[in-house]
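In the numbering used here, the protein residues as written are 19 to 231. Where is the CB? At the ideal position from N, CA and C, for every residue including glycine. The structure displayed is predicted, hence computed values, not measured ones. The structure under discussion appears below in the form of structure tokens.
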């Protein structure tokens with residue numbers, strides 16, 4: 019389980035998820051699973067983390083002292099609900115959510131800190147340029163490449179928290195690079211769990227059958 023807000027920020031959660039995938043893959047024999055066919059799913063912040071894993075996985079560090087860190091953090095399929103994908107262009111181009119945001123729900127996970135080696139303390143990152151750099155590093159849209167995991171996204175067209183345009187631009191980028199992807203838009207649906215959500219999780223299962231079997 020990744021560290022969650024308000025105590026931990028988004029970069030902390032991303033790091034935790036990468037470690038979790040490596041751990042699962044390292045122990046694949048214990049879990050009796052195929053380490054080369056791993057999928058991930060989530061909703062909202064979990065959808066964001068799922069796409070981060072699908073776009074930023076690496077092969078691990080062969081020289082790491084910890085054997086877990088030597089294995090890959092790559093994911094082979096993603097299925098998620100209403101994910102944030104570009105924090106630097108939130109509701110419209112230039113709407114930088116990590117510098118000026120009216121979304122109280124996102125304040126704590128975006129309270130970035132940095133280590134000060136002189137004072138031996140963590141300090142808040144307030145510089146807008148540095149905050150923008152961090153925001154970009156945790157926005158999966160900027161990391162899409164042709165070898166990314168096939169991705170299915172489901173999003174409601176009445177979502178008032180995470181704009182539908184976030185998912186639309188992610189799908190456009192995935193298509194441009196040739197990554198298998200699909201966007202399902204639920205008419206009238208807002209942000210959160212829907213009464214018929216199990217119908218969409220069934221789609222997730224079909225997606226994983228298609229790309230993980």
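Item: Given 7 Å as the limit, tell me if residue 135 has its C-beta closer than that to any heavy atom belonging to the ligand GDP.; Value: Within the structure as shown, the ligand GDP is missing, as the structure has no ligands at all.
Item: May I ask which residues mark the beginning and end of the alpha helix (DSSP H) holding residue 219?; Value: 215-230
Item: By alpha-carbon positions, which one of 45, 145, 107 and 52 ends up nearest to residue 154?; Value: 107
Item: Just how far apart, CA to CA, sit residue 170 and residue 135?; Value: 42 Å
Item: Keeping to the same chain, check which residues put their C-beta closer than 6 Å to that of residue 53; ignore five residues upstream and five downstream.; Value: 43 and 46
Item: So, is residue 196 buried or exposed, given that buried needs 16 or more other C-beta atoms within 10 angstroms?; Value: exposed
Item: Touching or not, the stretch 92-99 and the stretch 169-186, by the rule of three or more beta carbon pairs under 8 Å?; Value: yes
Item: Let me know the secondary structure DSSP gives residue 132 once reduced to three states.; Value: strand
Item: Let me know the alpha helix (DSSP H) ranges lying completely inside the stretch 93-162, each 4 residues or longer, listed in chain order.; Value: 146-155
Item: Can you list the alpha helix (DSSP H) stretches of 4 or more residues lying completely in the stretch 165-190, in chain order?; Value: none
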